[in-house]
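K.L.:
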Amino acid sequence: QVMAQRALADAMELMATAMALEAVSRTADREAHEARRGRKDELRNE
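Last residue of the sequence shown: 46 in full-length UniProt numbering, with the numbers rising by one and none dropped.
Printed below as a string of structure tokens:
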């Protein structure tokens, strides 16, 4: 039973880590997209 609890705790930790990584990845994607859009705006304004 202890092993089952440990396995469950490990799985929950992995899931939390995966969710955190996904959030970081989404944030980076959004920032990259905004940076690209910002550059396009600068080029249009010149």
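Where a beta carbon is used, it is the ideal one built from N, C-alpha and C, also for glycine. Since the structure is predicted, the reported quantities are computational estimates derived from the model, not experimental observations.
Helix or strand or just coil, what does DSSP make of residue 66?
P.N.:
Residue numbering for the chain in the displayed model covers 1 to 46; residue 66 lies beyond these limits and cannot be assessed.
K.L.:
DSSP three-state label for GLU31, please.
P.N.:
What you label residue 31 is simply residue 31 of the sequence shown in a count that begins at 1. Of the three classes helix, strand and coil, the one that applies to GLU31 here is helix, per DSSP.
K.L.:
SER25 to ARG6, Cα distance in whole Å?
P.N.:
On the sequence shown, residue 25 is found 25 positions in, with the first residue counted as 1. On the sequence shown, residue 6 is found 6 positions in, with the first residue counted as 1. Approximately 28 Å between the Cα atoms of the pair.
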